[in-house]
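Protein chains in written order, with my numbering: chain U, 399 to 621; chain W, 399 to 621. Built from N, CA and C at the ideal position, the CB exists for glycine as well.
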DNA sequence: CTTTTATGTGAAGTATTTGTGAAAGAAAAA
DNA sequence: TTTTTCTTTCACAAATACTTCACATAAAAG
């Protein structure tokens with residue numbers, strides 16, 4: 399069980415690290431979002447403790463970034479009175495939120511709760527028949543052969559896969575993958591879905607159109 | 399499922415609103431107790447999120463006021479260290495409280511728990527015999543086989559199902575499903591009901607005609 | 001029983017939504 | 001810079017959905 403602690407203050411990191419280690423969690427540290435992204439790319443992380451206020455790449459940006467493709471639970475640390483509305487991309491199902499100053503005991507309790515709740519940890523790959531996604535490697539395979547997806551196509555696919563059997567509106571997709579500050583055309587999604595379908599070849603029909611709503615990924619074998 | 403959010407800080411209301419909407423709750427806002435009372439009078443509210451400290455009419459007064467006549471569950475928000483024993487009218491069976499600052503996740507979890515407890519929770523699917531609606535998937539199944547409904551047919555069915563045994567006028571249906579800005583013909587509903595009935599096959603008679611009024615969905619086995 | 005009123009329904013016409021190729025615009029790589 | 005790759009927009013075709021209409025049918029009223 400490995401935690402990533404992202405905070406620019408070494409003192410805070412040390413405190414968390416100390417307490418976490420008494421509970422036998424491994425810890426990895428990062429000073430800012432950029433560093434954290436690097437680590438996420440290369441290591442399997444089970445939970446992230448994330449400070450919102452940081453230089454270089456702040457917590458929110460980092461959060462939106464990783465939520466595009468990964469589903470690692472996150473505990474957010476923020477100063478009291480910070481603006482709540484910045485907390486976009488925050489996934490109510492898997493994440494939690496604590497205000498500074500916090501009691502280490504409470505943090506540990508929440509860590510425990512989240513890890514328990516999410517039971518089986520974030521898998522590092524997805525597989526359905528000959529379709530395979532290797533999350534750490536950012537790669538997708540069809541029948542053993544790697545297919546080359548652009549970033550948006552990959553993000554789309556990941557989001558679809560983690561929301562199997564759920565109809566996703568264009569807005570939802572835009573917000574989650576493009577970010578809340580994208581003000582372009584809805585239909586750009588259609589184009590990306592088209593490309594993704596083409597690239598999925600024999601698996602193209604796993605993405606179905608939900609007319610009037612958006613798209614849905616499902617492996618159900620209906621006619 | 400409609401929540402009333404009562405808080406004098408717009409920021410807090412916005413945060414709650416944002417998160418509540420991701421869970422598909424409708425939200426109504428009020429700045430103070432007086433406003434909230436007005437709303438309660440005129441709308442059906444399933445749960446109230448209530449800040450205790452407010453100008454004009456504070457949360458406590460409001461709480462006592464509505465508890466006299468209604469039994470809507472309430473989640474109370476209060477600053478840490480406020481005296482809880484002042485919480486008159488607080489019903490331990492149906493209500494809950496949270497201290498600020500709170501985690502949105504926790505609030506939503508409590509909302510869900512309370513709604514579930516009070517039997518009001520919208521489940522994410524509906525089932526009656528071989529008729530099944532999968533809300534997240536926007537899909538309807540009859541005896542295990544998916545039937546393809548158009549958006550309007552699907553919306554109609556959902557609205558019927560959530561208003562079982564209630565006669566719905568054409569106007570009501572138009573307003574809810576078509577929106578208040580639709581100025582077309584009433585009878586278009588008849589056509590959609592016709593199509594929906596056809597698609598429901600063996601379950602077509604769950605939608606009965608209420609002559610002079612509109613339609614009604616009911617599972618009662620009459621005549 | 002006849003008339004009136006309301007609903008059921010098939011079919012035609014209208015409107016909307018989606019698929020798609022291509023071009024323009026951005027970003028990254030060379 | 002130039003070249004390449006990726007992203008976004010656009011335009012039009014195709015598919016699908018929605019609305020209206022006219023007449024058939026059924027229920028209620030006279």
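Given a length threshold of 3 residues, each whole run of the beta strand (DSSP E) inside the segment 426 to 465 of chain W is given here in chain order: 445 to 449. Residue 438 of chain W and residue 425 of chain W have their C-alpha atoms roughly 13 Å apart. Among the residues facing chain W, residue 588 of chain U is not included, as its CB has no counterpart in that chain under 8 Å away. The beta carbon of residue 599 of chain W sits no closer than 8 Å to any beta carbon of chain U. According to the DSSP secondary-structure assignment, residue 495 of chain W is paired through a beta bridge with W:474.
A direct Cα-Cα distance of roughly 32 Å separates residue 549 of chain W from residue 515 of chain W. Segment contact: the segment 448 to 458 of chain W against the segment 402 to 418 of chain W, three or more CB-CB distances shorter than 8 Å; contact assigned. Secondary structure at residue 406 of chain W: coil, using DSSP grouped into helix, strand and coil.
Residue 475 of chain W and residue 602 of chain W have their C-alpha atoms spaced approximately 47 Å apart.
At least 8 Å separates the CB of residue 516 of chain W from every CB of chain U. Following the DSSP letters along the chain, one finds residue 550 of chain W in no beta strand (DSSP E) but inside the alpha helix (DSSP H) bounded by residues 549 to 560. Contacts with chain U at 8 Å (Cβ-Cβ) include residue 549 of chain W.
Under the DSSP assignment, residue 523 of chain W falls in the beta strand (DSSP E) whose first and last residues are 523 to 526.
By the rule that beta-carbons nearer than 8 Å mark a contact, residue 501 of chain W touches chain U. Taking the Cα positions, residue 570 of chain W is about 16 Å away from residue 589 of chain W.
Looking at the DSSP output, residue 615 of chain U bridges to U:605. Per DSSP, reduced to three states, the secondary structure at residue 585 of chain W is coil, with no helix or strand assignment. CA-to-CA, the gap between residue 540 of chain W and residue 552 of chain W works out to about 13 Å. Taking the C-beta atoms as reference points, residue 508 of chain U is found no nearer than 8 Å to residue 493 of chain U.
With its beta carbon at least 8 Å from every one in chain W, residue 605 of chain U lies outside the interface. About 6 Å separates the beta carbon of residue 594 of chain W from that of residue 555 of chain W, a gap short enough to meet the 8 Å contact definition.
Any Cβ of chain W closer than 8 Å to the Cβ of residue 574 of chain U would place that residue at the interface, and such an atom is absent. Residue pairing of residue 532 of chain U in beta bridges, as defined by DSSP: U:523 and U:537. Relative to residue 536 of chain W, the option among U:576, U:441, U:455 and U:609 whose CA is nearest is U:609. By the rule that beta-carbons nearer than 8 Å mark a contact, residue 495 of chain U touches chain W.
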